[in-house]
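Number of protein chains: 2
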Amino acid sequence: MSTDLYDVIARRRDVRAEFSGETVDLGQLRRILQAAHEAPSVGHSQPWDFVLVFDEETRAEFADHVETERQTFAEQLEGERRETFEKIKVEGIRESGLGVVVTYDESRGGQHVLGRHAIADTGLYSTCLAIQNLWLAATAEGLGVGWVSFYREEFLADLVALPDGVRPVAWLCLGPVRHLQAVPDLVRHGWRKGRSLDEAIHLESWRG
Amino acid sequence: MSTDLYDVIARRRDVRAEFSGETVDLGQLRRILQAAHEAPSVGHSQPWDFVLVFDEETRAEFADHVETERQTFAEQLEGERRETFEKIKVEGIRESGLGVVVTYDESRGGQHVLGRHAIADTGLYSTCLAIQNLWLAATAEGLGVGWVSFYREEFLADLVALPDGVRPVAWLCLGPVRHLQAVPDLVRHGWRKGRSLDEAIHLESWRG
């Protein structure tokens, strides 16, 4: 399998249904977390942490909570949207064998974080850069990652005992997969088509 | 130059002083933006846009604003911190030849973005994933990227005429470099040492 950056970026998927149920190899996991940890961060604050949840009971508890939130969202939808959504699997928490809770600690780096005085969210942004490194490294290793965001932050913070001031940013399902889909799930299932790159590019100003 | 993912992750730097002043090749730029656009996004909302600022006058105006914010931050520091900070270059806006303003549009994807009902910030998170793809692709192409965050969001939004509801997430200096540093600037200049990966890993819960 190619580990060329562009190949990895193109192959990467947000995985729900394709986890094989095997457990991730610990050598691979170490390389993946190391890749995450090499991400850039504002003021070199490295504000991320990784809580590795292997425990089946904890994962089952989280999956139940996510199911409640899935229903909450479903109830906001009507007609075709509701029908389309109901066919979409939103998580693979039990099947993936491992949940990686990525967190953001706003106190990391002390009172004066270089580059954060004008924009408080830059610390959160750094944490997301680490997540993308993790995601690409897992893909390069032939594994799958699925970002679950149907949850309340307080619930997840309690579940893995985060201290005050540490915020959960993601629950990532991580594990071996049977294969990766060629087309993203939400496109395949008719939830939402992609936007062209040209629409996203503006020259000199938004009106350009 | 290797385009192996792990090599690219290790080589990537937050560039300030190493821009050569040459302009980025447009074929390379296209590949880099395409890589960003292939990032995952909540509900496949692809909420990012890229405003390409080549114009010298606009970049000079932004650089002047950033200098004011650099001073604001410097004035908050005392003693050794102040001295260490004053030696650190915080941007390469003029030298890089191109500023990429990456933005987040919260209205993209309509009222019901799949995966965002419980956590509003997930749209911002998606935008950051695109930034990391961009950063790695630029590194694979042998270019440098420097994220500038010494600015007020309102100033940058006005400068590139962002509509209401579209928020600037980053100004990225992008351009050819003479070389990339082996060690991150903030470590080299004694601002902040790195944290070990082991400190960032917790088993089953934060206390684990």
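Residue numbers (the working numbering), protein chains in the order written: chain A, 1 to 208; chain B, 1001 to 1208. All C-beta atoms, glycine included, are put in the ideal place defined by N, C-alpha and C.
Excluding residues up to 5 positions away in sequence, T3, V8 lie with their Cβ nearer than 6 Å to the Cβ of A/A140 in the same chain. Between the C-alpha atoms of B/L1124 and B/L1098 there is a straight-line separation of about 23 Å. Taken atom to atom, the span from the alpha-carbon of B/P1163 to that of A/A200 is near 14 Å.
Taking a beta-carbon distance threshold of 8 Å, A/D4 counts as an interface residue toward chain B. When C-beta distances to chain B are compared with 9 Å, the residues of the segment 122 to 144 of chain A below that value are T122, L124, Y125, S126, T127, C128, L129, A130, I131, Q132, N133, W135, L136, A137, T139, A140, in chain order. Segment contact: the segment 1128 to 1148 of chain B against the segment 1166 to 1177 of chain B, three or more CB-CB distances shorter than 8 Å; contact assigned. Of the candidates B/T1068, B/V1101, B/R1207, B/T1068 places its Cα closest to the Cα of B/F1150. According to DSSP, residue pairing for A/D49 in a beta bridge involves A/T103. What A/L186 touches in chain B, judged by beta-carbon distance under 8 Å, is G1043, H1044, L1114, going in chain order. In this chain, A/H189 is not harboured by any alpha helix (DSSP H), its DSSP state being neither H nor E. Against chain A, the CB of B/Q1076 has a partner CB under 8 Å away; the residue lies at that interface. Assigned with DSSP and collapsed to three states, B/D1055 falls in coil, not helix or strand. With 16 or more neighbouring CB atoms inside 10 Å of its own CB, B/L1114 falls in the buried class.
For B/S1196, the number of other beta carbons within 10 angstroms of its own is below 16, and it is reported as exposed.
For A/G208, the closest alpha carbon among the candidates B/G1190, B/L1136, B/G1208, B/D1049 is that of B/D1049. By the rule that beta-carbons nearer than 8 Å mark a contact, A/D14 touches chain B. Residue-level contact check: B/V1183 does not touch chain A, since none of the beta carbons of chain A fall below 8 Å from its beta carbon.
The beta carbon of A/Q28 lies closer than 6 Å to those of E141 in the same chain, with the five residues before and after it left out. Under a criterion of Cβ atoms nearer than 9 Å, the residues of chain A adjacent to B/F1054 are, in order, L203, E204. Taken in chain order, the complete beta strand (DSSP E) segments of 3 or more residues contained in the segment 1126 to 1202 of chain B are 1143 to 1148, 1166 to 1176. DSSP lists no bridge partner for B/D1007.
Neighbourhood of A/G165 in chain B, by CB distance below 8 Å: empty, with the nearest CB roughly 12 Å away. Under the three-state reduction of DSSP output, A/D121 falls in the coil class, being neither helix nor strand. Residue pairing for B/D1014: DSSP places it in a beta bridge opposite B/V1145. When the alpha-carbon of A/E38 is set against those of B/S1020, B/V1166, B/R1013, B/I1032, the nearest one is in B/R1013. At a C-beta separation below 7 Å, A/Q34 has these neighbours in chain B: L1197.
Residue-level contact check: A/H179 does not touch chain B, since none of the beta carbons of chain B fall below 8 Å from its beta carbon. Residue pairing of B/F1062 in beta bridges, as defined by DSSP: absent, with no partner found. The distance from the Cβ of B/E1018 to that of B/H1179 is about 6 Å, consistent with a contact at the 8 Å cut-off. Against chain B, the beta carbon of A/I9 has neighbours under 7 Å at A1035, E1038, N1133, listed in chain order.
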